[in-house]
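Asker: Below is a structure I'd like to ask you about.
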Amino acid sequence: MRLSEILFKQSRMLYFAVFLVSLLFFSMVLVLLINVKQANLETHSTNNFKGKNLYQLSDNLYNDRETAYFSNSNSYTILRDFSNQLAQNTSLNYYNSIWQPIEIADFKGDVHFDAYYENGSNQQPYEVKGKTYRAIKSLQLNAKVFELNHIEAEEGTLFSNNDFIFSNDDSSSIPVLLGSDYAGIYKPGDTIHILYYQRPYTGNVVGILSPSQKIITANDPERLLDRYIVLPSMSFDNHVNVQAGRIFFKASLLSKINGIIITDLSPIELNKVMSTISNETHFNDFDIIGANSIAIKLLINMTEANRSLLLITAAISMIVVLLLFLWIISVVIRSNSSVYKVFLISGASFDQLYASTRNQFLLWVGISSFLPLFPLLILVSNPLYFVINYLLIDVVLCACFVIAIHLFIKRTFTRLNIVQQLKG
Amino acid sequence: MKLNIKTKLYQTNYILILICFLSIVTSWLISYFDYVNMVNNGYINKKSISFRLEEMNKPFNPNLSGYILMQYDNERLSPKYVYINGDVKLPPIIKNNNFNIDKDIDSHAAIVGASASIESIPNGYTITGTFDTSHSYRLSSDIWLLSRIEELHLDKGHYFIFTSPSSSPEDKLSALMNGNPYEVLSMQNYGTYSLASNSLFQNILWALYLFFLLIALAHTINGHRKDGKLITVLYYSGFSTYRLIWIMIKLRLFSFMLISIFLVISCVLLNRYIYSLWDTSWLLYSFCFIGFQSLSIIIASISTSCQYSVKKEGHRF
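Here it is in structure tokens:
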């Protein structure tokens, strides 16, 4: 289109400026889209806990009672069966996150990974068989924790289903996940020598988590995983000989039965379910107490309020930026009015003017709207959702621009009085 | 020679004022988000310093003001002994009866969260307020025992969090410590600070601020370009280049600076009397914007005046 070429040559700088502004505008649209999705993801993960009843399970095996209980030869088997039944019962949603430091040999990280760093009661490293061990912050999580919290790995992978099953054959290696503060110190594929309940293990790093990943726990509504080593809380199936390695199995089983239950069941209904399990497994040395759900409710409120605030501010800022962009388009069209005068005098019609201007704009705006997609495809792992939604928004915005261009040119056209211009 | 060109030049300035206002609002939003995050994190800022004091050789400097110092036991974070000095913004508090911060510090007041365990308040403290927040689980379970800095004693706890609205809290903390050696701990930030959507949105607000800066700059350059012909005519009429520069600056800059400073002053008054934030960093960003625009107007005035007056050979009829 010769009209378009001449139009472009007359105001190259202006169209380049429009291109840059348009690029910035569409990048902002895309990033806002990603932000909205992220905010939705955060509320979605806290919604798993919304409106549910939380109960804490607590065993009664202390001091004398503990000694008396474990003098029975069946005690380990009973505990094992009890914990397996808890995990398998779908109405209970048994959620267990165990805060238990582990000892690591020749640990490469600095002092803020130590188990009691925040409390100040840092323990000195000790030597066993030539290796220096330090107590490091660690969490053991069962599969339900991963299911109900949205946890992402930046490098490597998360645990697989088999990792949560204790295996007697390969019993000296265990997969571990590291929090994001470990990035640069260890990487996926590294091995770490750990003592887990006094049992030596070779920890294989399977993944490093993204920054600021967190889980909801009974004691702390937010437990940030950045400084933690995460181990899977393993379940013992029927073939495992729990009698060998007393401290490890005793501590593991006891910690496994002190989790929280997230359920719709009322206290009476829960009591019924728990008595059934208790009768089947012959274990009743436990209490069900209400967990601190107020703090978790406030956390859910906070996440939702954050999302609302973001959405409102994002919508308002998008409208403002859109209006500014339309104003820029009108400025460009107005500054081209002398070129339009020449075209009109030469015999061009309004439709031709409108078509050539519209095509110019759509060309530059269209190219700049596709450019932000390239970094998206490279950086984001699952971009399909974003691409589709972004293209939809793109089409709507371009339609908006086309209508605006039509109105602006019509206004410029009606303001030009040809006869007056010809008279000079 | 008086010229009646003021009308045309003043019209285009409205857009610049609007963009200036939008950037002030964006700066304020950046600070507002930070304040909301601070409340959600238990009134602990990103710039707060967490430290441990093993022994206190000298008392803290009682003359320093403009900070909140929290002292707690390492076993549990609540209750905290809180020392407030100077005019700092407090978290949202529902006040019982006559709440007066200076009087309450002297009379051992306690401010509690809605779901705090009140039994852990020691004798001698009376509850004078409740934290008014339905989103901050950390503040809701918190207990602040207001005390005077002279009463600080290490058996109340060895752990401290120092928060100050000043631009360098580290210097203020060293001044407060008065020579006592302290060990800085690295602290994690909870609440909305740990939400990725929140930190991403802060970056978007910065991008928006930059966007407004660039649009205003482009508008200034474009506007000055249009004045080129006017400058040429004036130059041929006998005005010197320096006089032209002065006219351009007078007409473009002064009105902008006047109105934008008026905007900033009204925002400051609104901030002080209606809704204030923790610190005044938004004011700094706003002044940066106005300063940058003013500078760009001056440079554009000089360059277009020189370009359109002297031109190629600087001929004058």
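If you read the sequences in order, they're chains A and B.
Position 73 (the first sequence) corresponds to 78 in the numbering used here; numbering is contiguous.
Position 116 (the second sequence) corresponds to 304 in the numbering used here; numbering is contiguous.
In this text, a Cβ means the ideal position worked out from N, Cα and C, and glycines have one as well.
A quick note: this is a predicted structure, and the numbers were derived from the prediction, not measured.
(1) Would you decide whether Arg326/B is buried or exposed? Buried here means 16 or more other CB atoms lie within 10 Å of its CB.
(2) Count the other CB atoms, across all protein chains shown, that sit within 10 Å of the CB of Val18/A; report buried if there are 16 or more and exposed otherwise.
(3) According to DSSP, is Asn368/B part of a helix, a strand, or is it coil?
(4) Using 10 angstroms around the beta-carbon of Ser356/B, count the other beta-carbons present and answer buried if the total reaches 16, otherwise exposed.
(5) For Val385/A, is the classification buried or exposed, using 16 other Cβ atoms within 10 angstroms of its Cβ as the cut-off for buried?
(6) Once you ignore the five residues that flank Ser374/B on each side, which residues in its own chain have a CB closer than 8 Å to its CB?
(7) For chain A, find out if any of its Cβ atoms is closer than 7 Å to the Cβ of Thr380/B; answer yes or no.
(8) Select from the region 338–354 of chain B all residues with a C-beta closer than 8 Å to any C-beta belonging to chain C, and list them in chain order.
(9) Spell out whether any CB of chain B is found under 7 Å from the CB atom of Glu159/A.
(10) Taking C-beta pairs closer than 7 Å, name the residues in chain A that Ile392/B reaches, listed in chain order.
(11) Taking the alpha helix (DSSP H) that Leu396/B falls in, what are its first and last residues?
(12) Between the region 312–331 of chain B and chain A, which residues of the former have CB atoms less than 8 Å from a CB of the latter, in chain order?
(13) Under a CB-based cut-off of 7 Å, is Gln259/B close to chain A?
(14) Specify the secondary structure class of Trp466/B as computed by DSSP and reduced to three states.
(15) Of the residues that make up the region 219–233 of chain A, which ones have a beta carbon closer than 8 Å to any beta carbon in chain B?
(16) Counting C-beta neighbours from all protein chains within 10 Å, is the total for Tyr233/A 16 or more, i.e. buried, or is it exposed?
(17) Classify Gln145/A as buried or exposed, calling it buried when 16 or more other Cβ atoms lie within 10 Å of its own Cβ.
(18) For Ser322/A versus Leu396/B, is the C-beta spacing smaller than 7 Å?
(19) Could you tell me the boundaries of the alpha helix (DSSP H) in which Glu132/A lies?
(20) Contact between the region 35–47 of chain A and the region 205–224 of chain A: three or more CB pairs below 8 Å?
(21) Consider the Cβ of Asn341/A: report whether some Cβ of chain B lies at a distance smaller than 7 Å.
(22) Mind reading off the beta-carbon distance from Ile337/B to Phe248/B? Whole number of angstroms is fine, and I expect it under 8 Å.
(23) Quick check: the Cα distance between Phe516/B and Leu236/A, rounded to an integer number of angstroms?
(24) Say whether chain B places a C-beta atom closer than 7 Å to the C-beta of Leu183/A.
(25) What is the DSSP secondary structure of Gly161/A, reduced to helix, strand or coil?
(26) Could you confirm whether any beta carbon from chain A is found closer than 7 Å to the beta carbon of Leu278/B?
(27) Check whether the region 47–56 of chain A touches the region 389–404 of chain A, taking contact to mean three or more Cβ pairs, one atom from each stretch, closer than 8 Å.
(28) Using a Cβ-Cβ cutoff of less than 7 Å, which residues in the same chain neighbour Leu376/A once the five nearest sequence positions on both sides are dropped?
(29) Quick check on this structure: which residue in Phe253/A, Ile221/A, Ala223/A has the alpha carbon closest to the alpha carbon of Leu200/A?
(30) Using a Cβ cut-off of 7 Å (strictly closer), state whether Met307/A contacts chain B.
(31) Can you grab the Cα-Cα spacing for the pair Ile262/A / Tyr206/A, in whole Å?
(32) Name, going along the chain, the residues of the region 43–70 of chain A whose beta-carbon falls closer than 9 Å to a beta-carbon of chain B.
(33) Assuming Ser382/B and Glu227/A form a contact by the criterion Cβ under 8 Å, report the distance between their Cβ atoms to the nearest whole angstrom.
(34) Determine the chain A residues that contact Phe399/B at a beta-carbon separation under 9 Å, and present them in chain order.
(35) Unbroken alpha helix (DSSP H) runs of length 4 or more, entirely within the region 300–378 of chain A: which are they?
(36) Confirm, please, whether the CB-CB distance from Thr468/B to Gly416/B is below 7 Å.
Answerer: This is what the structure holds:
(1) As a working mapping, residue 326/B is identified with position 138 in the second sequence. By the neighbour-count rule (16 or more Cβ atoms within 10 Å), Arg326/B is buried.
(2) Within the first sequence, residue 18/A is the residue found at index 13, counting from 1. In the sequence as presented, Val is not what sits at residue 18/A; that position holds Met. Result: exposed.
(3) Here residue 368/B refers to the residue found at position 180 when the second sequence is read from its first residue. Correct three-state label for Asn368/B: coil.
(4) Position 168 of the second sequence, counted from the start, is the residue given in the question as residue 356/B. Note on Ser356/B: under 16 other CB atoms within 10 angstroms of its CB, so exposed under the neighbour-count rule.
(5) Along the first sequence, one-based indexing puts residue 385/A at 380. With fewer than 16 other CB atoms across the displayed protein chains lying within 10 angstroms of its CB, Val385/A is exposed.
(6) Numbered from 1 along the second sequence, position 186 holds the residue referred to as residue 374/B. Taken in chain order, the residues that qualify are Ser238.
(7) Translated into the one-based positions of the second sequence, residue 380/B becomes position 192. Output row for Thr380/B: interface = yes.
(8) Any reference to chain C falls outside this structure, whose protein chains are A and B.
(9) For the purposes of this step, residue 159/A is identified with residue 154 of the first sequence, where counting begins at 1. Cβ-Cβ to chain B under 7 Å: no for Glu159/A.
(10) Taking the first residue of the second sequence as position 1, residue 392/B is located at position 204. Those are Met33, Val36, Leu37, Asn40, listed as they occur along chain A.
(11) Taking the first residue of the second sequence as 1, we reach residue 396/B at position 208. Element bounds for Leu396/B: 384–414.
(12) Cβ contacts with chain A come from Ser322, His323, Ser324, Tyr325, Ser328, Ser329.
(13) By 1-based counting over the second sequence, the position of residue 259/B is 71. Gln259/B does not count as touching chain A.
(14) Working through the second sequence from its first residue, we reach residue 466/B at position 278. Trp466/B sits in coil when the DSSP states are folded into three classes, being neither helix nor strand.
(15) Those residues of the region 219–233 of chain A that come within reach of chain B (Cβ to Cβ, closer than 8 Å) are Lys219, Pro226, Glu227, Leu229, Asp231, Arg232.
(16) Position 228 of the first sequence, counted from the start, is the residue given in the question as residue 233/A. The residue is buried, with at least 16 neighbouring Cβ atoms inside 10 Å.
(17) As a position in the first sequence, residue 145/A is number 140, starting the count at 1. Buried.
(18) Taking the first residue of the first sequence as position 1, residue 322/A is located at position 317. Taking the first residue of the second sequence as position 1, residue 396/B is located at position 208. Yes, Cβ-Cβ distance for Ser322/A and Leu396/B is below 7 Å.
(19) Counting from one through the first sequence, the residue named residue 132/A turns up at place 127. Premise fails: Glu132/A lies in the beta strand (DSSP E), 131–133, not in any alpha helix (DSSP H).
(20) Because the criterion of three Cβ pairs below 8 Å is not met, the region 35–47 of chain A and the region 205–224 of chain A do not touch.
(21) As a first step, residue 341/A must be located in the first sequence, where it is residue number 336. No, Asn341/A lies away from the interface with chain B (no Cβ there is under 7 Å from its Cβ).
(22) As a first step, residue 337/B must be located in the second sequence, where it is residue number 149. As a first step, residue 248/B must be located in the second sequence, where it is residue number 60. With 8 Å as the limit, Ile337/B and Phe248/B qualify as a contact, their Cβ atoms being about 6 Å apart.
(23) Within the shown structure, residues of chain B are numbered from 189 to 505, placing residue 516/B beyond reach of any answer.
(24) Position 178 of the first sequence, counted from the start, is the residue given in the question as residue 183/A. Residue contact check for Leu183/A against chain B: no CB pair falls below 7 Å.
(25) On the first sequence, residue 161/A is found 156 positions in, with the first residue counted as 1. Strand, per DSSP.
(26) Here residue 278/B refers to the residue found at position 90 when the second sequence is read from its first residue. For Leu278/B, the answer is no, since every Cβ of chain A falls outside 7 Å of its Cβ.
(27) They do not touch, by the three-pair rule.
(28) The residue labelled residue 376/A in the question sits at position 371 within the first sequence. The residues are Leu28.
(29) For the purposes of this step, residue 200/A is taken as residue 195 along the first sequence, with counting starting at 1. Of the listed residues, the one whose Cα sits closest to Leu200/A is Phe253/A.
(30) As a first step, residue 307/A is located in the first sequence; it is residue number 302 there, counting from the start. Judged by the 7 Å Cβ criterion, Met307/A is in contact with chain B.
(31) In the first sequence, the residue the question calls residue 262/A occupies position 257. In the first sequence, the residue the question calls residue 206/A occupies position 201. Each residue's CA atom was taken as its position, placing Ile262/A and Tyr206/A some 23 Å apart.
(32) So the list reads Gln43, Ala44, Asn45, Leu46, Glu47, given in the order they occur along the chain.
(33) Along the second sequence, one-based indexing puts residue 382/B at 194. Along the first sequence, one-based indexing puts residue 227/A at 222. Indeed, because the Cβ distance is near 7 Å, the residues count as touching under 8 Å.
(34) Numbered from its first residue, the second sequence carries residue 399/B at position 211. Within chain A, the residues placing a beta-carbon under 9 Å from that of Phe399/B are Val26, Leu29, Phe30, Met33, Val326, Leu329, ordered along the chain.
(35) Whole alpha helix (DSSP H) segments, 4+ residues: 342–351, 355–375.
(36) By one-based count along the second sequence, residue 416/B stands at place 228. By one-based count along the second sequence, residue 468/B stands at place 280. In terms of Cβ geometry, Gly416/B and Thr468/B do not form a close pair [threshold 7 Å].
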